[in-house]
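Asker:
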Amino acid sequence: MLKPTLIRSSTNVIADDSAWMERALELARDSIGLAHPNPVVGALVVKDGHLVGHGYHVFDKRDHAEIVTLREAGSEARGATLYVNLEPCCHTGRTEPCTKAIIEAGVARVVAAMEDPNPEVAGQGLAELRSAGLHVTTGVEEDQAMQLNEDFACWIKTRKPLVTLKAALTLDGKIAMNPGEETAISGEAARAAGQRMRHAADAVLTGMGTILADDPLLTDRTALPRRKPLLRVVVDSQLRLPLESQIVKSAEDDVLVFTTKDSNAAKGEEMERAGVELARVAAREGHADLGEVIRELGRRKILNLLIEAGSELNGAAIAGDLVDKMVLFYAPKIMGSGGVPLAQVPFGWFLNGPELSRLTLHGFGRDFAMEGYFHDVYGNHRTHRED
């Protein structure tokens, strides 16, 4: 949690707003793993350059970040500025509207990084605050704020999770030396970054190739707090998942296996007795329909899905236009001849397949990661500033 502090007044109001919004975003990041299926939100109340209230949203505690912050600020909120990374809500859901509480607290100014992508809000909260006479500024550190809640935006608009494909590979694009064989590729820093991605996810999905080759646990090993265990999802069309695998032996209502409707019923009953949940979906070309898998996860309020799989499932997800985002961790090594490629996609797909956009590079010790998007969940939408 942030400590009360002072940012001295400056003639550069925009710089001050950015500095305080960075603090609000830092608070919002503290709610990763604790806020879903709601967005992650942090807020500050600042008066005469002093921080007088701060907080973030935790779903199980119900109160939104603005309410936590106003409660801490108390009477100091009157005439103060509220900084929040997402537009305050103006509708009644599990709680009363935050806009009502902000107005009643006597806040003079609200600085919001971005509009709420929820159609029930979508600018109406900011409009209500302006109508009540509050000074409202938007768009401060907006890009950071939008990336922080891109999974919520995707789910609230499509009812499907944001699907991120993550992989570790060599410079020549290989994820393993041989099919069905585990190959250590990433360094320690990149592996730690991958674990942080798991922590931010609601579910991680893999296929039988990865299970049989690596026998992974697929758990969140960051030790950071989360309100629900990471849901471990396996696509197993013919129920080949070994009952002695680590993922089955460690199942505690956190393993979900998708299989086809005609797969082995007796094996399915054994899995369920072992604590694994089974979901049967239609088959497509002999495999579980990945599109239906992702839609079902959306129905279960999974906002953020991480794919950590092998070449075959990666290819099916990419070729099926099911991947929104890719994060590829490259090690400074060359596999050379042979090796397993990142994805098996149809011949000629390269000529007409989509390109990743909004590419960024990140360094992780000896490795680097390339991050990019196939789909922009926000479109070209950006909020406007108003001072």
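One point on numbering: in the working numbering, the residue at position 101 of the sequence shown is 102, and numbering is uninterrupted.
A virtual CB, placed ideally from N, CA and C, is assigned to each residue, including glycine.
Note that the structure is predicted; figures quoted are calculated from it, not measured.
Find out if the Cβ-Cβ distance for the pair residue 26, residue 162 is shorter than 9 Å.
Answerer: no
Asker: Can you give me the C-alpha to C-alpha distance between residue 328 and residue 295, rounded to a whole angstrom?
Answerer: 19 Å
Asker: Check whether the Cβ atoms of residue 113 and residue 141 sit closer than 9 Å, and answer yes or no.
Answerer: Yes. Within cutoff.
Asker: Measure the beta-carbon distance from residue 284 to residue 238 and round it to whole angstroms, keeping in mind my assumption that it falls under 8 Å.
Answerer: 7 Å
Asker: Sort out for me which residues DSSP pairs residue 307 with in a bridge.
Answerer: 165 and 205
Asker: Do the stretch 170-184 and the stretch 145-161 touch if we need at least three Cβ pairs shorter than 8 Å?
Answerer: no
Asker: Count the other CB atoms, across all protein chains shown, that sit within 10 Å of the CB of residue 10; report buried if there are 16 or more and exposed otherwise.
Answerer: Annotation note: pLDDT 38 at residue 10 (below 50); position unreliable, coordinate value reported separately. The residue is exposed, with fewer than 16 neighbouring Cβ atoms inside 10 Å.
Asker: Judging by CA-CA distance, which residue of 17, 28 and 59 is the nearest neighbour of residue 50?
Answerer: Here the closest residue by C-alpha is 17.
Asker: Which full runs of the beta strand (DSSP E) of 3+ residues lie inside the stretch 16-60, going along the chain?
Answerer: 43-48 and 51-57
Asker: In the DSSP output, which residue or residues are listed as bridge partners for residue 333?
Answerer: DSSP output for residue 333 lists no bridge partner at all.
Asker: What span of residues does the alpha helix (DSSP H) with residue 159 cover, start to end?
Answerer: Here the alpha helix (DSSP H) through residue 159 covers 151-159.
Asker: May I ask you to report which of helix, strand or coil DSSP gives residue 106?
Answerer: coil
Asker: To the nearest angstrom, report how far apart residue 208 and residue 75 are at their CA atoms.
Answerer: 52 Å
Asker: Are at least three pairs of beta-carbons, each pair with one atom in the stretch 338-351 and one in the stretch 71-90, less than 8 Å apart?
Answerer: no
Asker: Over the uninterrupted beta strand (DSSP E) stretch that includes residue 70, give me the two end residues.
Answerer: Here residue 70 belongs to no beta strand (DSSP E); instead the alpha helix (DSSP H) covers 66-74.
Asker: Note down, in chain order, each residue of its chain lying with its Cβ closer than 6 Å to the Cβ of residue 324, except the 5 sequence neighbours on either side.
Answerer: 164, 166, 318 and 375
Asker: Which one or two residues does DSSP pair with residue 379 in a beta bridge?
Answerer: DSSP, once it has assigned bridges, lists no residue as partnering residue 379.
Asker: In the DSSP assignment, find the alpha helix (DSSP H) that holds residue 278 and state where it starts and stops.
Answerer: Taken as a continuous stretch (DSSP letters only), residue 278 belongs to no alpha helix (DSSP H), being part of the beta strand (DSSP E) at 278-282.
Asker: Should residue 365 be labelled buried (16 or more other beta-carbon atoms within 10 Å of its own) or exposed?
Answerer: buried
Asker: So what does DSSP say about residue 215, is it helix, strand or coil?
Answerer: helix
Asker: Please report how far the alpha carbon of residue 253 lies from the alpha carbon of residue 127, in whole angstroms.
Answerer: 43 Å
Asker: Since residue 200 and residue 220 are thought to touch, with beta carbons under 8 Å apart, how far apart are those beta carbons, to the nearest angstrom?
Answerer: Rounded to whole angstroms, the Cβ separation of residue 200 and residue 220 is 10 Å, and the two are not in contact under 8 Å.
Asker: Just curious, the alpha helix (DSSP H) that residue 268 is in, first and last residue?
Answerer: 266-274
Asker: Taking DSSP as the reference, what is the three-state secondary structure of residue 134?
Answerer: coil
Asker: For a test of the three-state rule: what should DSSP assign to residue 344, helix, strand or coil?
Answerer: coil
Asker: Alpha carbons only, please: which of 260, 309 and 316 is nearest the one belonging to residue 354?
Answerer: Nearest option by C-alpha distance: 316.
Asker: Do you know whose CA, among 38, 97 and 176, lies nearest residue 153's CA?
Answerer: Comparing alpha carbon positions, the residue from 38, 97 and 176 closest to residue 153 is 38.
Asker: Could you tell me whether the Cβ atoms of residue 307 and residue 211 are closer together than 9 Å?
Answerer: no
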